[in-house]
Each structure stands twice: as structure tokens, then as C-alpha cells.
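K.L.:
Residue numbers (the working numbering), protein chains in the order written: chain A, 1 to 329; chain B, 330 to 577.
Here a beta-carbon is modelled for each residue, glycine too, at the ideal position from N, C-alpha and C.
The structure displayed is predicted, hence computed values, not measured ones.
This structure is in C-alpha cells; I'll ask about it shortly.
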Amino acid sequence: MLDRLSLSMRASHILVALLVVIALVFALVAWSTGDRFYLRLATEALIFAGLALSVDTLLGYTGLLPLGQALFFGFGAYVSALVLREAPSFWTAIGVVFLSTLVVGLTGGVIASRARGVYFALISFGLAQVVSKVVFNIRELGASDGLRGIPVLDIEFGLFSISTNAPLAFFLFTLAFILLLYALAAYLLDTPFGRVLIALKANEKRVPFLGYSVFGARLAAYILAAEIAALSGALYPMLRGFVSPELMFFAVSGNAIIGVILGGVGTLAGALYGSILLTLMRSIVGTWTEHHLIVIGLVFIIVVIFLPRGLLGFVRPRLEAVLSRRQKP
Amino acid sequence: MKPMLEARNLAVSFGGIHAVDGVTFAAAPNQITTVIGPNGAGKSTLFNLISGAVRPHRGHIVLDGKRHEHMRPDRLRELGIGRSFQITNLFFELTVAENLRLAAQLLEPRKHWLVPVRRSTLAGQRVGELLEEFHLAGKADERAGDLSHGEQRRLEIAVALAARPKVLMLDEPTQGMSHSDTAETARLIRALTDSVTVLLIEHDIGLVMDISDRIVVMHQGRKLADGPPAEVRADPAVQAAYFGHARS
Numbered sequence: 001m002l003d004r005l006s007l008s009m010r011a012s013h014i015l016v017a018l019l020v021v022i023a024l025v026f027a028l029v030a031w032s033t034g035d036r037f038y039l040r041l042a043t044e045a046l047i048f049a050g051l052a053l054s055v056d057t058l059l060g061y062t063g064l065l066p067l068g069q070a071l072f073f074g075f076g077a078y079v080s081a082l083v084l085r086e087a088p089s090f091w092t093a094i095g096v097v098f099l100s101t102l103v104v105g106l107t108g109g110v111i112a113s114r115a116r117g118v119y120f121a122l123i124s125f126g127l128a129q130v131v132s133k134v135v136f137n138i139r140e141l142g143a144s145d146g147l148r149g150i151p152v153l154d155i156e157f158g159l160f161s162i163s164t165n166a167p168l169a170f171f172l173f174t175l176a177f178i179l180l181l182y183a184l185a186a187y188l189l190d191t192p193f194g195r196v197l198i199a200l201k202a203n204e205k206r207v208p209f210l211g212y213s214v215f216g217a218r219l220a221a222y223i224l225a226a227e228i229a230a231l232s233g234a235l236y237p238m239l240r241g242f243v244s245p246e247l248m249f250f251a252v253s254g255n256a257i258i259g260v261i262l263g264g265v266g267t268l269a270g271a272l273y274g275s276i277l278l279t280l281m282r283s284i285v286g287t288w289t290e291h292h293l294i295v296i297g298l299v300f301i302i303v304v305i306f307l308p309r310g311l312l313g314f315v316r317p318r319l320e321a322v323l324s325r326r327q328k329p
Numbered sequence: 330m331k332p333m334l335e336a337r338n339l340a341v342s343f344g345g346i347h348a349v350d351g352v353t354f355a356a357a358p359n360q361i362t363t364v365i366g367p368n369g370a371g372k373s374t375l376f377n378l379i380s381g382a383v384r385p386h387r388g389h390i391v392l393d394g395k396r397h398e399h400m401r402p403d404r405l406r407e408l409g410i411g412r413s414f415q416i417t418n419l420f421f422e423l424t425v426a427e428n429l430r431l432a433a434q435l436l437e438p439r440k441h442w443l444v445p446v447r448r449s450t451l452a453g454q455r456v457g458e459l460l461e462e463f464h465l466a467g468k469a470d471e472r473a474g475d476l477s478h479g480e481q482r483r484l485e486i487a488v489a490l491a492a493r494p495k496v497l498m499l500d501e502p503t504q505g506m507s508h509s510d511t512a513e514t515a516r517l518i519r520a521l522t523d524s525v526t527v528l529l530i531e532h533d534i535g536l537v538m539d540i541s542d543r544i545v546v547m548h549q550g551r552k553l554a555d556g557p558p559a560e561v562r563a564d565p566a567v568q569a570a571y572f573g574h575a576r577s
């Protein structure tokens, strides 16, 4: 007897391993050519891939469309920036972001998890709009300018440290950090808890009659996704040295959703691929033409028409078939 | 014998219509108690009240000697009430084994909820047992949506039974089945009483008379009669209200 869901997760792991290989080859080339720009760009792409990962946890596995997930990404970025300005320690910033997101995620989750379908999407959108406008108007948070002057950090590991100002080292660190978030999501989704989330997407009305609280499961998924988004966002001020209210705007949430759809909804690995491709496309096409959104829009339409399950939604089933044949006696 | 499940004075109205109006009955342990009645008699609403899908305006249930009021379906399932649905209600995109595993993982201790499913040994064993018992072993890796109607109905019962409920409520489990599938399912249900109390809604009167230990007859939201099959069949009020219109 095969466990198809576990098999799908193994296929995702292989595709993520391939992404790591691509990232390491890129890092090697960038190091040998002394590049800084593309390393910084790739680091930013990885950070936004963390946001896409959180969107896929909700959209792809729990069946909830979060139109305002940038709320938590921006929240993590702001909390990280505020902590780093007072106490420039990576571990302190990450610890504070984690704990404060638990509280904020729980609060937002209690509100949003009561709804489903389009109502959940609208509540998620509304929460992000409210918070981003509040931040936009608070002078102590830099208002529309955001917070600037985040110091360069040395991330301490006891025996060695990594400077956020060293493009290659910080790129590799960010890669490892986002991989850890992927591993956390992938692990949890392959547990009995994760199966309840998958059941919510498959047939929510049946779930209570199996003994599982729909509200409780939705809330847990919401907090998990909030943590993934906020922890990813916490790296943003370390890379760019500033944060701004735009990080919470709908454009950021929308880009994360587009990234997930490009990569393949419900594949986790697809969220990483799709988001990285989107960030790179936006930047690289943007250097050729200011109308880059037209190009991205066309690519999105082509993918949705010809690969409706996304890039990895096309590749992964084939990989699963290979794994399945190997597993069968 | 102490009943496993009692409904006491359960009632609910929808828009002024008394869908269930003060129904009281008891289901003895390891027996089959069948609720019958014409269409619109309130049978499925009674099931919804007992399983927590609908909140009663009045009344309560007693499960294994303990009184419960206004409980949510997930809590009632944890306490031991499992149910199937009149219209097949499965996870159609998931495989047969995944449907069963999802239901059976309730057996796992809470501390196992955050360990990988491959280590959910209790659930894994239970899935194996159910696949054999319900003759679905050859279909374990097929999507539930790809099964035949009869297989889906069997899977529906297996899912409801997976986490070893005290009371198994089956809402028209043989609906739409062929004669051979119906006979096989009746045999399966009868065999289940070794381990569970069965509460059944069924329209096939031949099957009802054959496998039930007790019959509750409903008519226009009220209980009309309640007793062993022969006694209920002989009741003139029941004959007038129900048997006169039903298949026999």
C-alpha cells in the first residue's frame, strides 16, 4: 500500500534538492566572477520565496486563499528592524519575531479562521489593508518612508560568524534559512496534523465527523503560515537595511500568490521555484523595459492556460510515478 | 440492559415546521436499532441532532450513561459517535487508504500528532484491518472518487467505523446498491454488532426486518412506535402510516 501524500512530499524534496544544486552552482559562478548584484537579487528572491511558501501552506494544503499574507511578512520585517536598531543581534531579532508572530497570528487567526472560501480571502485582505495603512500613518514607524538605518549584522554561530554585508555568505545563509522553513512545513504537513489540513481542502464538511475541529485546524494552519511569512520577512531588513509599509501591500501578497500558481499550488517546492522565477523575472525584465509587468502578465497567462497545475504541477506527478514504481515490490 | 445511546425528548423546528418533535428512544449495546418512516418523517434530522450536525432546540442525548447537550460533531465523535451520510461524503481526491487513515488517526495518542504518518502504527494497522473487512484491499491506492457506487458506500461505512466508535450511525447505507451489494452490506452491518452499537436509517423494509433488533418508527417528526420488528410490523398505527405506502 502506497502513501501517495508521503510520496508527493518525497518528490517535492527531490525538486528542492535540485533547486539547492542550482543555487550552489549559481553561488560558485557569482563568487568566481566577483558578482554582488545578482547575489543580492537572488537573496531577495529567496526571502520572498519564504512568503510564497507560507501562502502555499494555506492555499495548497488547507484550501484557504490568503489575499493579505504580506501582513505577516511585513510584520516580521518591521519587528526585526525595530529590534536590530536597538540590539543588533540576529538571534534576538528572530526570537522576538517568532514570539510576537505567535500572538499576532493567533489574534488574526481567531478572526479569519471563522470564515472560509471567499470570506476568508476578504478578511485576510482586509486585515493586511488595515495594518498597512496604520503603519503608513505612524510617525514612530517612519510613516510612508519606513524605517531606515538598520545596521550591518554579524550573525554569530559560536565558532564563526556571517556578515549580512557579505553577499555570498548571506546568500548561502538565507538559502539554509528558507530550506529550514521548507523542512518545517514539509514535516508538519506529513504528520496526522498535516493530514487534517489536507482533509480541510479536500472536503471540509466531513472533517468534524471524523473528530477534528475545523476551527482549531484552520487556526493552527494560519499561525504556521504566519510564522513562515514573518520569519522570512525578518531577513529583509538585514539584506536591504530598511523596511517600508509597501512590504505589507496587496502587491506583495498578490506576487506571492502568482509565484505559487506559477510554481504549482500544493507542491511546496513549486512555491519556491515560482516565487524565485517571478522575482528574477521582475528584476531582469525590468532592466530591459519599464513595461515588465506586461511581460510577466503574459507569462502568467501562458502558464495558467498551458500548465494549469504550474511548472512543478507538471513535473512532480511524473517524478511521483517513478518513485512509486521503485517503491512497489 | 443499560442502553448505549438514548435520545431524550429531542426536538428541532425549521421555519415553524417541527422536523423532530420530542423524540425519545434508546439503543441497546451491540444491537441494531433502525429508524424507519416515510420521506420527510424526520429520520435524517434525528441523525443530525444526535451527531451534532444540527443543534436541538430541546432535549439531549445520553451516551454510555453520560448526558451530553449541545455538543459539536467533532466532540461527539471523540466521545464515540461515528456516522455515515445518506449522500456519499468522502474525500474523493484522496485514495481509499488515505480516507481510512485520516479517520483512523483519531486512535493515535495526541503526542503522536506531530510525528510523521509513517510512524502512526495504530492508524496503519487499523487501515489494514478495514481494507480486509470491507473488501477494499485491492482498491487501497485508488482515488475514492474512482470507486464504483457500491464500493464508495462500503468505504463510507468503513470511514465512520475507523476510529472504533461506541455507536455507529448509518444513514441509508445501501442506497443505490445492487441486490448483491445490498445483501453483502447487510451481512457486514450485522457482523459489526460484535464491537459496536448500530443505529440505522434504511428504506429497504425487507432488510430492516431481517437485521434489526429494534425498530423506531417516525411519522411527521414524532415517534409513532418503538419495539422489536414483529411487534412494530403488527402495530395498526404503523401499518396505516407507513407500511401501507412502503416497499415490502
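What residue does the alpha helix (DSSP H) around Glu86/A start on, and which one ends it?
P.N.:
Glu86/A -> alpha helix (DSSP H) spans Ala70 to Glu86.
K.L.:
Spatial neighbours of Pro385/B within its chain, please: C-beta separation below 7 Å, excluding the five flanking residues on both sides.
P.N.:
The answer, listed in chain order, is Leu339, Ala340, Val341 and Leu378.
K.L.:
Report all residues from its chain with a CB closer than 7 Å to the CB of Tyr146/A; omit the five preceding and five following residues, and keep chain order.
P.N.:
According to the sequence as given, residue 146/A is Gly; it is not Tyr. Phe242, Val243, Ser244 and Pro245.
K.L.:
Could you name the residues of the same chain whose beta carbon sits closer than 7 Å to that of Asp564/B, not counting the 5 residues immediately before and after it, in chain order?
P.N.:
Answer for Asp564/B: Ala554, listed in chain order.
K.L.:
Determine the closest residue to Thr101/A out of Ile178/A, Asp154/A, Leu71/A and Gly264/A, with distance taken between C-alpha atoms.
P.N.:
Considering only alpha carbons, the answer is Leu71/A.
K.L.:
Would Lys552/B be called buried (16 or more neighbouring beta carbons within 10 Å of its own) or exposed?
P.N.:
It counts as buried.
K.L.:
For Val295/A, name the three-state secondary structure that DSSP assigns.
P.N.:
Helix, per DSSP.
K.L.:
On the CB-based measure, 16 or more other CB atoms within 10 Å of its CB, does Gly345/B come out buried or exposed?
P.N.:
Gly345/B is exposed by the Cβ-count criterion.
K.L.:
Give the interface partners of Leu210/A over in chain B, defined as CB-CB distance under 7 Å, in chain order.
P.N.:
Neighbours of Leu210/A on chain B, chain order: Arg406, Leu431, Ala432 and Leu435.
K.L.:
Spatial neighbours of Ala520/B within its chain, please: CB distance less than 7 Å, with the 5 preceding and 5 following residues excluded, ordered by chain position.
P.N.:
Cβ neighbours of Ala520/B beyond the five flanking positions: none.
K.L.:
Answer yes or no: do Leu337/A and Thr43/A have a C-beta to C-beta separation smaller than 8 Å?
P.N.:
Nothing about residue 337/A can be read from this structure; chain A reaches only from 1 to 329.
K.L.:
Pull the bridge partners of Glu355/B from the DSSP assignment, please.
P.N.:
According to the sequence provided, residue 355/B is Ala. The question's Glu does not apply to it. According to DSSP, Ala355/B bridges with Glu335/B.
K.L.:
In or out: Asn255/A buried (at least 16 other Cβ within 10 Å) or exposed?
P.N.:
Its Cβ being crowded by 16 or more others within 10 Å, Asn255/A is buried.
K.L.:
For the candidate residues Phe414/B, Val383/B, Val391/B and Asn418/B, whose alpha-carbon lies nearest to that of Arg401/B?
P.N.:
Closest option to Arg401/B, Cα to Cα, is Val383/B.
K.L.:
Taking DSSP as the reference, what is the three-state secondary structure of Ile155/A?
P.N.:
Three-state DSSP puts Ile155/A in a strand.
K.L.:
Closer than 8 Å is the cut-off here; do at least three beta carbon pairs connect the stretch 178-198 of chain A with the stretch 220-232 of chain A?
P.N.:
Because the criterion of three Cβ pairs below 8 Å is met, the stretch 178-198 of chain A and the stretch 220-232 of chain A touch.
K.L.:
Quick one, are the C-beta atoms of Gln497/B and Gly411/B less than 8 Å apart?
P.N.:
First, the amino acid is wrong: residue 497/B is Leu here, not Gln. Closer than 8 Å, so yes.
K.L.:
Report the option in Leu231/A, Ala271/A, Val299/A and Arg325/A whose CA atom is closest to the CA atom of Gly74/A.
P.N.:
Ranking Leu231/A, Ala271/A, Val299/A and Arg325/A by Cα distance to Gly74/A puts Leu231/A first.
K.L.:
Identify, in the order they occur along the chain, each residue of the same chain with its Cβ nearer than 6 Å to the Cβ of Gly105/A, setting aside the five sequence neighbours on each side.
P.N.:
Cβ neighbours of Gly105/A beyond the five flanking positions: Ile223 and Ala226.
K.L.:
Classify Thr362/B as buried or exposed, calling it buried when 16 or more other Cβ atoms lie within 10 Å of its own Cβ.
P.N.:
Buried, since its Cβ has 16 or more Cβ neighbours within 10 Å.
K.L.:
To the nearest angstrom, how far is the alpha carbon of Arg483/B from that of Tyr38/A?
P.N.:
Their Cα atoms are separated by approximately 58 Å.
K.L.:
How would you write the range of the beta strand (DSSP E) that Ser213/A sits in, first residue to last?
P.N.:
No beta strand (DSSP E) contains Ser213/A, which DSSP labels as neither H nor E.
K.L.:
Can you grab the Cα-Cα spacing for the pair Leu235/A / Ile47/A, in whole Å?
P.N.:
C-alpha separation (whole angstroms): 7 Å.
K.L.:
Three or more C-beta pairs closer than 8 Å, one from the stretch 451-469 of chain B and one from the stretch 429-443 of chain B: is that the case here?
P.N.:
Touching, yes, given that three or more Cβ pairs across the two stretches are closer than 8 Å.
K.L.:
Of the choices Ala87/A, Leu181/A, Asp35/A and Ala202/A, whose alpha-carbon is the least far from that of Gly117/A?
P.N.:
Comparing Cα positions, the closest option is Ala202/A.
K.L.:
Would you mind telling me which residues of chain A sit closer than 7 Å to Val444/B, beta carbon to beta carbon, in chain order?
P.N.:
Going along chain A in sequence order, the residues near Val444/B (Cβ under 7 Å) are Thr191.
K.L.:
Whether or not the stretch 163-177 of chain A and the stretch 14-30 of chain A are in contact is what I'm after, with contact meaning three or more pairs of Cβ atoms, one per stretch, closer than 8 Å; do they touch?
P.N.:
Yes: the two stretches touch, three or more of their Cβ pairs being nearer than 8 Å.
K.L.:
Express the C-alpha separation of Asp470/B and Arg4/A in angstroms, rounding to a whole number.
P.N.:
Cα to Cα, the separation comes out at about 8 Å.
K.L.:
Less than 8 Å between the CB atoms is what I'm expecting for Leu278/A and Leu262/A, so what's the real figure, rounded?
P.N.:
6 Å between Cβ atoms; contact.
K.L.:
What does Ala199/A touch in chain B if you count any residue whose Cβ is under 7 Å from its own?
P.N.:
Under the 7 Å cutoff, chain B gives Phe420 and Leu431.
K.L.:
According to the neighbour-count rule (16 or more other Cβ atoms, all chains shown, within 10 Å of its Cβ), is His548/B buried or exposed?
P.N.:
With 16 or more other Cβ atoms within 10 Å, it is buried.
K.L.:
For the stretch 420-503 of chain B, which segments carrying the beta strand (DSSP E) assignment without a break, of at least 3 residues, lie completely within its bounds, in sequence order?
P.N.:
DSSP runs (the beta strand (DSSP E)) wholly in the stretch 420-503 of chain B: 496-500.
K.L.:
How many whole angstroms separate the CB atoms of Ile123/A and Ile111/A, which I take to be in contact at a CB cut-off of 8 Å?
P.N.:
Indeed they touch by this definition, with Cβ atoms about 6 Å apart.
K.L.:
By alpha-carbon positions, which one of Leu200/A, Ile258/A and Val207/A ends up nearest to Ile296/A?
P.N.:
If we check each option's Cα against that of Ile296/A, Ile258/A comes out closest.
K.L.:
The alpha helix (DSSP H) that contains Lys205/A, what's its start and end?
P.N.:
It is not in any alpha helix (DSSP H) - Lys205/A carries neither H nor E in the DSSP assignment.
K.L.:
Please decide whether Arg455/B counts as near chain A, where near means a Cβ-Cβ distance under 8 Å.
P.N.:
By this cut-off, Arg455/B is not an interface position.
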